[in-house]
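**Q** Chains A and B, in that order, are what the protein sequence lines are.
One rule links them: number in our numbering = place in the first sequence (from 1) + 1064.
One rule links them: number in our numbering = place in the second sequence (from 1) + 37.
By construction, the Cβ of each residue, glycine as well, lies at the ideal position given by its N, Cα and C atoms.
What you are looking at is a predicted structure, and each value in this text was computed from that prediction instead of being measured.
This is the structure I have questions about; it appears just below.
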Amino acid sequence: MRNKDFYTLILLILLTIITAIISVNYNNFKVVTIIILGLSGIKFLAVSFQFMELKKANSFWKILISILLFVIIGIISIIL
Amino acid sequence: MKETKIDYKSIYYPPGGILMWILITLELITFGIALIALVAYSKEDPELYHRSRLMLNTTFGAINTVFLLVSGFFMATTVHLFKQQKFDKSLFYLKLTMLGGFLFLGLKSIEYYEKLNMGFILDYNTFFSFYWLLTGFHVIHVLVGLVILFFFYFSLRKKNTKPKLEDVEASAAFWHMCDLIWLLLFPVIYLIL
C-alpha cells in the first residue's frame, strides 16, 4: 500500500463529505454550484493523476484530460 | 523485489495503453455532452428538475461515491503490488476492489427499486429520463468492469502463468474510468439541479 494513494483516498472521502454538507446546508445557488463542481473537478484530477498514474504519462494526456474536465465543468457552470 | 518497467512518458504508452485512453476520452466526452444536455434542458423548467432531483437519495449517492473511490484505491494498490510481483497480496486487494463494485451495484439496486416503487420510471418526466439513461449506462460500465476484473482475477490465480502488466493496467484504467464518470454524474444529477 502506498502512502500517497492512501492520503489521496482520505482527501477524496473528505471532499465527498464536504460536498454533501455544502449542498444540504447552503442556499446561495450559484456559489454552491461552483464550489460543488470545483470540488468534483479536484476529485476527478486526484483519481486520474494519482490512482490512474496519469502523472507519469506524456504531457499530451495530462493536458487532454484536464482540458476535457474544465470544458465540461465550465459549460455546465455557465449554463446554470 | 524487481519492478517491471514501461516507458510511460511516450505518448503511445500512457498507463493502461493508448487504446484505453482513447476510449476513456471518448466516454468522458459522451457523458459530458449528456450532462450538458441535462443542465440545458433543466433551464426550460427549473422547478420541475429541482423537485425531481429532491426525490433522489443524496445519501445513497454519496455512499456510492465512497464505495467507488475506496474500490479505486484498492485497484491502484493491486496494480502497484502486481508490478512488485507480490501476486498473493495483489490478489487480495483485487478481491477488495471487486467487493467495492458489488457494494456499489447493491446500493444502486436498492435505489432503483425505490424509484420504481414510487413510479419514477424512464418516461415519468425528462429529468428521470436523463437519470435512468445516465446512471443506467454507468451501471453497465461497472458491470463490464467487474467482468474484466473477474478475468484478471482468474488469470492471476493461475500458478504457472501471470497476466501481462499492460493488460493489468488496461483493466485498472477501465475500472478507474467508472470512478471518473461517476464523479461527474453524482454532483450534477444528485446535488446541483
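Between the stretch 101 to 115 of chain B and the stretch 125 to 142 of chain B, can you find at least three pairs of beta-carbon atoms closer than 8 Å?
**A** yes
**Q** Report the residues of the stretch 211 to 225 of chain B with a CB closer than 9 Å to any CB of chain A, ordered along the chain.
**A** His213, Met214, Asp216, Leu217, Leu220, Leu221, Phe223, Pro224, Val225
**Q** From the DSSP output, in three-state form, read off A/Gln1114 for me.
**A** Residue numbering aside, residue 1114 of chain A sits at position 50 when the first sequence is read from its first letter. If DSSP states are grouped into helix, strand and coil, A/Gln1114 belongs with the helices.
**Q** Go to A/Ser1130, then tell me how far its alpha helix (DSSP H) extends in each direction, as first and last residue.
**A** The count along the first sequence starts at 1 and reaches residue 1130 of chain A at position 66. Residues 1123 to 1143.
**Q** Select from the stretch 1077 to 1092 of chain A all residues with a C-beta closer than 8 Å to any C-beta belonging to chain B, and list them in chain order.
**A** Ile1077, Thr1080, Ile1081, Thr1083, Ala1084, Ser1087, Val1088
**Q** Starting from the N-terminal side, write out each stretch of the alpha helix (DSSP H) that is 4 residues or longer and does not extend beyond the stretch 155 to 211 of chain B.
**A** 163 to 194
**Q** Report the rounded CA-to-CA distance for A/Leu1109 versus B/Ile218, giving the unit in angstroms.
**A** Counting from 1 along the first sequence, the entry for residue 1109 of chain A is found at position 45. Counting from 1 along the second sequence, the entry for residue 218 of chain B is found at position 181. Rounded to whole angstroms, A/Leu1109 to B/Ile218 spans 12 Å at the Cα level.
**Q** Could you pull out every residue in the same chain whose Cβ sits closer than 7 Å to the Cβ of B/Glu148, ignoring the five residues on either side in sequence?
**A** Residue numbering aside, residue 148 of chain B sits at position 111 when the second sequence is read from its first letter. Once the five neighbours on either side are set aside, the close Cβ partners of B/Glu148 are Asn94, Phe97.
**Q** List, in chain order, every chain B residue whose beta-carbon is nearer than 8 Å to that of A/Ile1131.
**A** Numbered from its first residue, the first sequence carries residue 1131 of chain A at position 67. Those within 8 Å of A/Ile1131 in chain B number zero; the least Cβ separation is about 10 Å.
**Q** Could you give the DSSP three-state label for B/Ile73: helix, strand or coil?
**A** Here residue 73 of chain B is taken as the residue at index 36 of the second sequence, counted from 1. Helix, per DSSP.
**Q** Could you tell me the boundaries of the alpha helix (DSSP H) in which B/Asp44 lies?
**A** Locating residue 44 of chain B in the second sequence gives position 7, counting from the first residue. Note, B/Asp44: premise wrong, no alpha helix (DSSP H); not H, not E.
**Q** Looking at the C-beta of A/Ile1136, does it have a partner C-beta in chain B at a distance below 9 Å?
**A** Position 72 of the first sequence, counting from 1, holds the residue named residue 1136 of chain A. By this cut-off, A/Ile1136 is an interface position.
**Q** Between the C-alpha atoms of B/Leu170 and B/Leu159, what's the straight-line distance to the nearest angstrom?
**A** As a position in the second sequence, residue 170 of chain B is number 133, starting the count at 1. As a position in the second sequence, residue 159 of chain B is number 122, starting the count at 1. If I take the Cα positions, the gap works out to 8 Å.
**Q** Establish whether the CB of B/Ser127 and some CB of chain A are separated by less than 9 Å.
**A** Along the second sequence, read from residue 1 onward, the residue named residue 127 of chain B stands at position 90. For B/Ser127, the answer is no, since every Cβ of chain A falls outside 9 Å of its Cβ.
**Q** When DSSP labels each residue in this structure, what does B/Met38 get in the three-state scheme?
**A** To locate residue 38 of chain B, count along the second sequence from 1; it is residue 1. Summary for B/Met38: the model assigns pLDDT 48, below 50, so the residue's position carries little reliability; its value from the coordinates is reported in the next sentence. Three-state result, B/Met38: coil.
**Q** In the DSSP assignment, find the alpha helix (DSSP H) that holds B/Arg88 and state where it starts and stops.
**A** Translated into the one-based positions of the second sequence, residue 88 of chain B becomes position 51. Unbroken alpha helix (DSSP H) run through B/Arg88: 83 to 91.
**Q** What's the C-alpha gap between A/Ser1141 and A/Thr1097?
**A** Counting from 1 along the first sequence, the entry for residue 1141 of chain A is found at position 77. Counting from 1 along the first sequence, the entry for residue 1097 of chain A is found at position 33. About 7 Å.
**Q** Does B/Tyr150 pass the burial test, meaning 16 or more other C-beta atoms within 10 Å, or should it be called exposed?
**A** Locating residue 150 of chain B in the second sequence gives position 113, where the first residue counts as 1. When all chains shown are included, B/Tyr150 counts as exposed.
**Q** Does the Cβ-Cβ distance between A/Trp1125 and B/Ile66 come in under 9 Å?
**A** On the first sequence, residue 1125 of chain A is found 61 positions in, with the first residue counted as 1. On the second sequence, residue 66 of chain B is found 29 positions in, with the first residue counted as 1. Not in contact: A/Trp1125 and B/Ile66 (Cβ atoms no closer than 9 Å).
**Q** Quick check on this structure: which residue in B/Val179, B/Leu230, B/Lys199, B/Asn162 has the alpha carbon closest to the alpha carbon of B/Phe104?
**A** Taking the second sequence and counting its residues from 1, one reaches residue 104 of chain B at position 67. Among B/Val179, B/Leu230, B/Lys199, B/Asn162, the Cα nearest to that of B/Phe104 is on B/Val179.
**Q** Against chain A, does B/Thr163 count as a neighbour if the rule is that its beta carbon must be under 9 Å from one of theirs?
**A** In the second sequence, residue 163 of chain B corresponds to position 126, counting from 1. Chain A contact via Cβ: absent.
**Q** If you draw a straight line from the C-alpha of B/Leu221 to the C-alpha of B/Leu186, how long is it?
**A** By 1-based counting over the second sequence, the position of residue 221 of chain B is 184. By 1-based counting over the second sequence, the position of residue 186 of chain B is 149. Cα-Cα distance, rounded: 23 Å.
**Q** For the alpha helix (DSSP H) holding A/Ile1074, just list the boundary residues, first then last.
**A** As a position in the first sequence, residue 1074 of chain A is number 10, starting the count at 1. It spans 1067 to 1089 - the alpha helix (DSSP H) in which A/Ile1074 sits, taken as one unbroken run.
**Q** For A/Phe1115, return the contacting residues in chain B, with the cut-off set at a CB-CB distance below 8 Å.
**A** Along the first sequence, read from residue 1 onward, the residue named residue 1115 of chain A stands at position 51. Neighbours of A/Phe1115 on chain B, chain order: Gly109, Phe110, Met112, Ala113, His213, Asp216.
**Q** Contact check, B/Leu72 vs B/Val225 under 8 Å by CB: the rounded distance?
**A** Numbered from its first residue, the second sequence carries residue 72 of chain B at position 35. Numbered from its first residue, the second sequence carries residue 225 of chain B at position 188. About 5 Å; that satisfies the 8 Å criterion.
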